[in-house]
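S.K.: Following numbering that gives the first Met the number 0, the residues of the sequence shown are numbered contiguously, the last one being 251.
A virtual CB, placed ideally from N, CA and C, is assigned to each residue, including glycine.
None of the values given here were measured: they were computed from a predicted structure.
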Amino acid sequence: MNVQLRPALSNGKEAEAITGCPQVMQADWRRHGFMRRQDGPVRYSPIEVAEMTVRFSLSSCGLGPRMTLAIVPIAARGLLWHCLGKWEAYTPNAHDMGWWDRETFGQIQAAKQRRDDAAAQLLADPSESNRAALLASLDPILRLQLDELRLQLDELRLQLWEDWALPSVLPAPLLICFPDGSWCAHESFDVPYGEVRLGDPRGDGPIIVLDLHRLAETLLARLPRPLIHVEFVENAASPAAVVEASDVVTTR
0 MNVQLRPALS NGKEAEAITG CPQVMQADWR RHGFMRRQDG PVRYSPIEVA EMTVRFSLSS
60 CGLGPRMTLA IVPIAARGLL WHCLGKWEAY TPNAHDMGWW DRETFGQIQA AKQRRDDAAA
120 QLLADPSESN RAALLASLDP ILRLQLDELR LQLDELRLQL WEDWALPSVL PAPLLICFPD
180 GSWCAHESFD VPYGEVRLGD PRGDGPIIVL DLHRLAETLL ARLPRPLIHV EFVENAASPA
240 AVVEASDVVT TR
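(1) State yes or no: is the C-beta of leucine 62 within less than 8 Å of the C-beta of cysteine 176?
(2) Closest to leucine 155 by C-alpha separation, out of Ala123, His212 and Leu83, would be which residue?
(3) Taking three-plus beta-carbon pairs below 8 Å as touching, is the region 112-128 in contact with the region 184-191?
(4) Excluding five sequence neighbours on each side, which residues of the same chain lie with their C-beta closer than 7 Å to the C-beta of valine 41?
(5) Just to confirm before moving on: does the CB-CB distance between isoleucine 46 and alanine 75 stay below 8 Å?
(6) Alanine 131 to glutamine 112, Cα distance in whole Å?
(7) According to DSSP, is histidine 212 part of a helix, a strand, or is it coil?
(8) Sort out for me which residues DSSP pairs valine 71 with in a bridge.
(9) Does the distance from the C-beta atom of proline 178 to that of glycine 204 stay below 8 Å?
(10) Under the DSSP definition of a beta bridge, which residues are partnered with valine 229?
(11) DSSP state of leucine 256, grouped into three classes?
(12) On the DSSP bridge list, what partners appear for isoleucine 207?
(13) If distances are taken between C-alpha atoms only, which option among Cys20, Arg201 and Asp38 comes closest to leucine 254?
(14) Have a look at the DSSP bridge pairing and note the partners of cysteine 183.
(15) Is it buried or exposed for aspartate 54, if we count other Cβ within 10 angstroms and need 16 for buried?
(16) So what does DSSP say about glycine 19, is it helix, strand or coil?
(17) Consult DSSP for serine 44 and reduce its assignment to one of helix, strand or coil.
(18) Let me know if valine 48 comes out buried or exposed under the rule of 16 or more other beta-carbons within 10 Å of its beta-carbon.
(19) Exposed or buried, alanine 14, counting other C-beta atoms within 10 Å across all chains shown (16 or more means buried)?
(20) Rounded to whole angstroms, what's the CA-CA distance from glutamine 158 to serine 44? Just pull it up for me.
(21) Are arginine 221 and isoleucine 17 touching if we call contact CB-CB under 8 Å?
(22) Can you tell which of Ala26, Leu152, Cys183 and Ala7 has its C-alpha closest to the C-alpha of glycine 39?
(23) Helix, strand or coil for serine 128, going by three-state DSSP, please let me know.
Below is the structure:
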């Protein structure tokens, strides 16, 4: 049995609900070449939705589409990478995909909630007892099951990346844009900000930080349907993802 992956397409109204970008602005960006021009009903692929999300987020902070031509495609790939690392991005849900029976999947979800609760408690009070509670929040078997689930999601994500012929992604979740037009990706804002010295043009105005991991969670929560439809096909000719050429076109 092979896995076939089909990306969901979003129309203009759905894209507005997901990204916050009004349809009038979408049409203007298509007209000026910042987005792919389309004949007939508008349909956006997952990578185009990710690009629109990043472009609109930066535009809302004062960085127009001309200023972010180089940044948007790179950041959008990072955003999509974070999205595809979560089971919410796929349909049917993980417990319907033959990976786990429903009882086991329910145990995994409960274990994840215990871990999240323990992590929140540790953040509020970084005591040794809370640190120990976090370490003990998952029993070994469920921890292994979570690891296996993550590996399976990674396999799907890597398969899509290969089939879509997308290049590498940002090495860190934070996209940091400086007022002089430069930018970097980092795990923490403190390190690049600490390198800005008096008189450095990077410190001559507001610094914009996009957390691609959090942005991915927001995007997934707004989706009317998951980004990727998963099908299990008997005796399929190839395990490659089923992707229409128009689904993955991006413009520069």
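M.R.: According to the structure data:
(1) yes
(2) Leu83
(3) no
(4) Asn10 and Gly11
(5) yes
(6) 16 Å
(7) helix
(8) Valine 71 is not bridged to any residue.
(9) yes
(10) Leu4
(11) Since the first residue shown for the chain is 0 and the last is 251, residue 256 is missing from the structure and cannot be characterised.
(12) Cys176
(13) In the structure as shown, the chain starts at 0 and stops at 251, and residue 254 therefore has no counterpart that could be examined.
(14) Ile175
(15) Checking the sequence shown, residue 54 turns out to be arginine, not aspartate. Classification of arginine 54: buried, given that the 10 Å Cβ count is 16 or more.
(16) coil
(17) coil
(18) buried
(19) buried
(20) 17 Å
(21) yes
(22) Ala26
(23) helix
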